[in-house]
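**Student:** Sequence lines, in order, name chains G and U.
Take the first sequence: its position 306, counted from the start at 1, is 306 in UniProt numbering, and no numbers get skipped.
Take the second sequence: its position 52, counted from the start at 1, is 52 in UniProt numbering, and no numbers get skipped.
Protein chains: 2
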Amino acid sequence: MTTVSIKEVAARAGVSPGTVSNVLNRPAKVAPGTRERVRRAIHELGFVRHGSASTLRAGHSRTVGLSVIDIGNPFFTEIAAGVEETASERGYAVILGNSAGSRTKEERNLRVLAEQRVRGVLITPSDQDLARLDRLRERGISVVLVDHPGHRPDQCAVAVDDVAGGRAAVAHLLAGGARHLAYVTGPLTIRQCAERRQGALAALETAGLGPDRLKVVETAAMTARAGERAAGDLLRDGLPEAIFCANDLLALGVLRTLLQAGVRVPDDVALMGYDDIDFAAASAVSLSSMRQPAHQLGRTATELLLDECDNPGTHAHQHIMFQAELVARESTR
Amino acid sequence: MTTVSIKEVAARAGVSPGTVSNVLNRPAKVAPGTRERVRRAIHELGFVRHGSASTLRAGHSRTVGLSVIDIGNPFFTEIAAGVEETASERGYAVILGNSAGSRTKEERNLRVLAEQRVRGVLITPSDQDLARLDRLRERGISVVLVDHPGHRPDQCAVAVDDVAGGRAAVAHLLAGGARHLAYVTGPLTIRQCAERRQGALAALETAGLGPDRLKVVETAAMTARAGERAAGDLLRDGLPEAIFCANDLLALGVLRTLLQAGVRVPDDVALMGYDDIDFAAASAVSLSSMRQPAHQLGRTATELLLDECDNPGTHAHQHIMFQAELVARESTR
DNA sequence: CGGAAAAGGTAAAACGTTCTACTGGCGAGG
DNA sequence: CCTCGCCAGTAGAACGTTTTACCTTTTCCG
């Protein structure tokens with residue numbers, strides 16, 4: 001329980017605390033002999049730098065915040081893994097916040113992050129109101145939007161083109177011969193859901209078909225359970241020839257319910273998901289999906305954030321847009 | 001970028017900084033009128049307490065560390081969700097570390113946690129060498145083991161009975177009529193893998209069968225891909241009547257490979273997984289599994305940790321052991 | 001009514017770093 | 001030989017809180 005401070009290291013090495021600090025932060029500034037002596041003292045005493053003291057004095061920490069909508073969704077988990085990996089390589093710690101789609105939880109998380117004086121925040125915003133992010137930036141906390149297109153030139157953003165993704169998915173279903181489709185989606189207030197729908201409609205239009213060909217089934221959550229309920233509705237009201245789901249969890253729920261009802265996939269109904277989580281390939285009927293580069297999303301976002309923190313002068317804000325990739329499997333064969 | 005401190009709040013409310021601190025930390029100690037005045041000043045100025053300064057002076061932070069073996073595995077993700085939820089409710093931040101099974105990464109993570117002076121650490125240890133955890137505890141950082149049985153009376157631990165789980169799983173397969181079994185597992189140096197095997201052997205013995213009835217196939221990782229390879233080996237060397245997998249990811253990989261090879265599950269081979277992740281029920285043939293209370297594991301561990309931190313005097317260390325629950329689905333019907 | 005204790009508050013010293021300004025010493029250029 | 005500038009290192013203030021010791025009123029109670 002005895003905590004050893006920089007002073008004791010200094011005493012042991014026969015130097016001043018300032019020199020120890022220099023060894024820690026700017027080793028080049030101190031003569032090789034002294035440097036080694038200090039390093040040895042650090043090692044012998046088991047000294048570990050007090051991060052809070054450092055943060056307090058230096059004015060910035062070596063932590064970043066990560067706020068995701070749903071840590072239970074493998075898509076976000078993979079983003080988180082990419083973030084953790086990149087941050088860890090650079091000696092940064094990651095503080096995790098799960099907003100669970102709730103605005104109040106997101107606000108509480110951001111507050112905690114502000115208290116911790118994180119260097120920056122990576123956030124997949126739970127809604128379109130980004131004003132409170134400005135409050136963070138006023139405090140000198142950099143913000144990078146993840147899975148959200150940049151809407152302003154003064155901040156970085158990393159996203160995947162959801163309109164193009166939706167278009168590609170529905171074009172694929174149309175190419176399979178379907179003419180009446182359903183779109184099973186989470187709340188259309190969620191940008192991703194709305195834009196994928198927009199892309200879907202665009203694909204219909206390109207094929208000379210009207211928007212009435214796409215029946216939209218909106219669910220409260222983007223989970224397998226919600227997908228099951230949506231499929232129940234479709235079974236009751238009449239099945240389309242193809243179903244496009246806004247993510248794989250919904251699609252897996254839909255698939256399970258259809259199969260239990262004796263519907264054959266893809267013979268009776270073709271089915272597509274979105275995200276291409278690992279489990280899409282392993283499901284009852286392997287699921288066609290739109291692959292998003294989740295890990296790379298997390299990695300790129302973190303690199304942008306740390307670049308912004310480390311080179312505040314030269315950093316150029318960027319909006320990076322990845323493209324989703326169609327992965328055709330049994331469910332649309 | 002102007003950061004407002006407790007002093008400015010004090011000036012605005014016409015009190016001393018000490019009183020503001022009291023409002024923040026022991027509101028009962030200050031008269032209602034003053035309290036309200038201070039609260040208003042805090043709100044008007046948008047004051048946010050500087051966590052590092054607080055930590056430095058108070059000697060302890062409001063953060064806990066979480067180190068998991070594989071954040072990509074839904075079992076651990078669900079633990080993490082339970083931890084995050086509980087910590088967040090109590091105003092604690094969670095610093096996430098992913099050891100990815102690598103000892104050096106785990107060590108690096110623990111070092112970062114020590115620097116951050118986290119209040120405590122929740123860890124699913126990546127191996128049996130727990131000595132470095134003692135080094136944390138010497139520094140006054142409480143440690144709670146997650147998914148690991150407590151081996152010492154001076155620390156808390158939360159786990160699920162893996163021997164009993166392995167026994168139940170194999171007993172179920174034996175009840176289905178199988179007499180020659182395989183156990184597809186990750187490295188047997190991993191405690192969970194070894195204990196489930198031990199339970200499996202116990203079930204065989206109870207049934208009057210020898211250990212030669214259980215062919216052990218050891219893989220390098222506990223992923224779906226490793227499961228695919230293991231299934232390939234089994235196909236080459238001759239299939240057993242039932243396969244027990246050390247986790248669901250392995251089982252999903254095995255399942256995919258078997259089905260592709262034209263093997264019928266459960267008719268030709270019965271299959272069981274472990275963990276009962278959400279996707280087990282949605283797979284090609286819905287997967288029988290042993291359900292572990294992952295969310296509750298995370299929640300309970302966090303509660304124990306925070307209790308230990310908040311009541312160092314009265315806290316009694318506990319070893320809590322949950323039981324896994326058999327969930328029978330199509331793959332063992 | 002006197003004295004003790006409680007209530008409400010303040011001033012100032014920490015906590016462990018980093019950073020700024022400064023000090024010697026030494027080699028090089030004029 | 002003097003001075004300039006650099007190198008290696010030092011002393012001490014500062015960062016924003018919490019906490020301790022202390023002070024002044026007010027309240028309580030015999």
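All C-beta atoms in this analysis are idealised placements derived from N, C-alpha and C, irrespective of residue type, glycine included.
Using 8 Å as the limit for Cβ to Cβ distance, is L235(G) near chain U?
**Tutor:** For L235(G), the answer is no, since every Cβ of chain U falls outside 8 Å of its Cβ.
**Student:** Specify the secondary structure class of N22(G) as computed by DSSP and reduced to three states.
**Tutor:** Three-state DSSP puts N22(G) in a helix.
**Student:** Leaving aside the five residues before and after V15(G) along the sequence, list all residues of the same chain whose C-beta is less than 7 Å from its C-beta, in chain order.
**Tutor:** Taken in chain order, the residues that qualify are T34 and V38.
**Student:** Take R333(U) and list the residues in its own chain whose beta-carbon comes closer than 7 Å to its own, dropping the five residues that flank it on each side.
**Tutor:** Result list for R333(U): P266, in chain order.
**Student:** Determine the chain U residues that contact Q116(G) at a beta-carbon separation under 8 Å, and present them in chain order.
**Tutor:** Going along chain U in sequence order, the residues near Q116(G) (Cβ under 8 Å) are G51, S52, T63 and A93.
**Student:** Residues in its own chain within less than 8 Å of G91(G) by CB, not counting five upstream and five downstream?
**Tutor:** R62, listed in sequence order.
**Student:** Under the three-state reduction of DSSP, which class applies to T223(G): helix, strand or coil?
**Tutor:** Reduced to three states, the DSSP call for T223(G) is coil.
**Student:** Can you find a C-beta in chain G that's less than 8 Å from the C-beta of V184(U)?
**Tutor:** Judged by the 8 Å Cβ criterion, V184(U) is not in contact with chain G.
**Student:** So within the segment 263-333 of chain G, which uninterrupted alpha helix (DSSP H) runs reach at least 4 residues, ignoring any that extend past its ends?
**Tutor:** Complete alpha helix (DSSP H) runs here, min 4: 294-310.
**Student:** Assuming the contact rule is C-beta atoms closer than 8 Å, V160(G) and Q323(G) should be a hit. Round their C-beta distance to whole Å, please.
**Tutor:** About 7 Å separates the two Cβ atoms, so the contact holds.
**Student:** Less than 8 Å between the beta carbons of L249(U) and G227(U), yes or no?
**Tutor:** The answer is yes: Cβ separation under 8 Å.
**Student:** Which residues in the same chain have their Cβ closer than 8 Å to the Cβ of V118(U), if we skip the five residues on either side of it in sequence?
**Tutor:** Cβ within range, chain order: S61, T63, V64, G65, I95 and I141.
**Student:** As a quick exercise: from F76(G), S5(G) and E195(G), pick the residue whose alpha carbon is nearest that of G165(G).
**Tutor:** Selected option, being the one with the closest Cα: E195(G).
**Student:** Determine which residues of the segment 99-115 of chain G have a Cβ less than 9 Å from any Cβ of chain U, and write them out in chain order.
**Tutor:** So the close ones are A100, K105, R108, N109, R111, V112, L113, A114 and E115.
**Student:** So is D278(G) in contact with chain U if we call contact Cβ pairs under 8 Å?
**Tutor:** Interface residue, yes.
**Student:** Based on the DSSP secondary-structure assignment, which residues constitute the bridge partners of K215(U)?
**Tutor:** Paired residues: A182(U).
**Student:** Mind checking G298(U): buried by the 16 CB within 10 Å criterion, or exposed?
**Tutor:** With 16 or more other Cβ atoms within 10 Å, it is buried.
**Student:** Per DSSP, which one or two residues make a beta bridge with L66(G)?
**Tutor:** For L66(G), which the question treats as bridged, DSSP gives the partners L96(G) and L122(G).
**Student:** Give the interface partners of I71(G) over in chain U, defined as CB-CB distance under 8 Å, in chain order.
**Tutor:** The contacting residues are T77, A80, A81 and E84.
**Student:** Have a look at D278(U), L306(U), R256(U) and A10(U) and flag the residue whose alpha-carbon is nearest the alpha-carbon of N73(G).
**Tutor:** Looking at the Cα atoms, D278(U) is the closest of the given residues.
**Student:** Against S289(G), what residues of chain U qualify as contacts under a CB-to-CB distance less than 9 Å, listed in chain order?
**Tutor:** The contacting residues do not exist; S289(G) stays about 14 Å from chain U at best.
**Student:** By Cβ distance, which residues of its chain are closer than 6 Å to A242(U), with the 5 residues on each side in sequence left out?
**Tutor:** Excluding residues within five positions, the ones whose Cβ falls inside 6 Å are L173, A178, L181 and A270.
**Student:** Under three-state DSSP, which class holds L173(U)?
**Tutor:** Helix.
**Student:** Identify each residue in the segment 255-272 of chain G for which the Cβ-Cβ distance to at least one residue of chain U is less than 9 Å, and report them in chain order.
**Tutor:** Answer set for the segment 255-272 of chain G: L255 and R256.
**Student:** Just the chain G side, please: which residues come within less than 8 Å of A220(U) by C-beta, in chain order?
**Tutor:** Chain G residues near A220(U): none, gap ~18 Å exceeds 8 Å.
**Student:** For A301(U), which residues in chain G fall below 9 Å Cβ to Cβ?
**Tutor:** The contacting residues do not exist; A301(U) stays about 16 Å from chain G at best.
**Student:** Which of the three DSSP states, helix, strand or coil, is assigned to F76(U)?
**Tutor:** In this structure, F76(U) counts as helix in the three-state DSSP scheme.
**Student:** Less than 8 Å between CB atoms is the rule here; does L239(U) satisfy it with respect to chain G?
**Tutor:** By this cut-off, L239(U) is not an interface position.
**Student:** Tell me, please, whether the segment 99-111 of chain G touches the segment 48-57 of chain G by the rule of three or more beta-carbon pairs shorter than 8 Å.
**Tutor:** The answer is no - the segment 48-57 of chain G does not touch the segment 99-111 of chain G, with fewer than three Cβ pairs under 8 Å.
**Student:** Along the UniProt domain "HTH lacI-type" (4-58) of chain G, what residues have a CB closer than 7 Å to any CB found in chain U?
**Tutor:** Residues passing the 7 Å Cβ filter: V48, R49, H50, G51, S52, A53, T55 and L56.
**Student:** What are the residues of the segment 116-146 of chain G that lie near chain U, defined by any Cβ-Cβ distance shorter than 8 Å?
**Tutor:** Hits within the stretch, in order: Q116, R117, R135, E138, R139 and G140.
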